[in-house]
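>
In the numbering used here, the protein residues as written are 879 to 989.
1) Please tell me whether residue 968 and residue 985 are closer than 8 Å, where the distance is taken between their beta carbons.
2) Just to confirm before moving on: does the CB-CB distance between residue 929 and residue 978 stay below 8 Å?
3) Are there 16 or more other CB atoms within 10 angstroms of the CB of residue 980, so buried, or fewer, so exposed?
4) What are the partner residues of residue 974, as DSSP defines its beta bridges?
5) With a 10 Å radius around its C-beta and 16 neighbouring C-beta atoms as the bar for buried, classify residue 911 as buried or exposed.
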């Protein structure tokens with residue numbers, strides 16, 4: 879029997895999973911492929927999760943996601959051999975339920 883899909887998503891990290899979920903939620907027949915034994919099995923890093931992006935796809939993600947801690951402040955620096963420039967973001971929501979960014983460990987999050 880021949881299998882037919884509207885879309886094939888390669889990778890089960892956050893980007894691939896968000897794409898597969900969004901496509902399937904809009905009625906497409908989607909297959910998602912992951913080379914690891916399970917999503918996150920090959921990942922050994924952490925990341926920053928931006929809540930405003932994920933809330934557009936999964937509004938109540940905070941209830942089930944394995945979030946590590948919320949970030950009250952984040953700094954980004956661009957550096958070269960002669961100079962540097964940086965910026966700081968501080969959130970006004972200094973509580974778990976309304977934070978706009980969280981740290982995550984990718985292996986548990988991807989799973």
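A virtual CB, placed ideally from N, CA and C, is assigned to each residue, including glycine.
From a predicted model like this one, the values you see are computed outputs, not experimental measurements.
Based on what the coordinates show:
1) A distance of 8 Å or more separates the beta carbons of residue 968 and residue 985.
2) Going by C-beta atoms, residue 929 is nearer than 8 Å to residue 978.
3) With 16 or more neighbouring CB atoms inside 10 Å of its own CB, residue 980 falls in the buried class.
4) Paired residues: none, contrary to the question.
5) By the 10 Å Cβ count, residue 911 comes out exposed.
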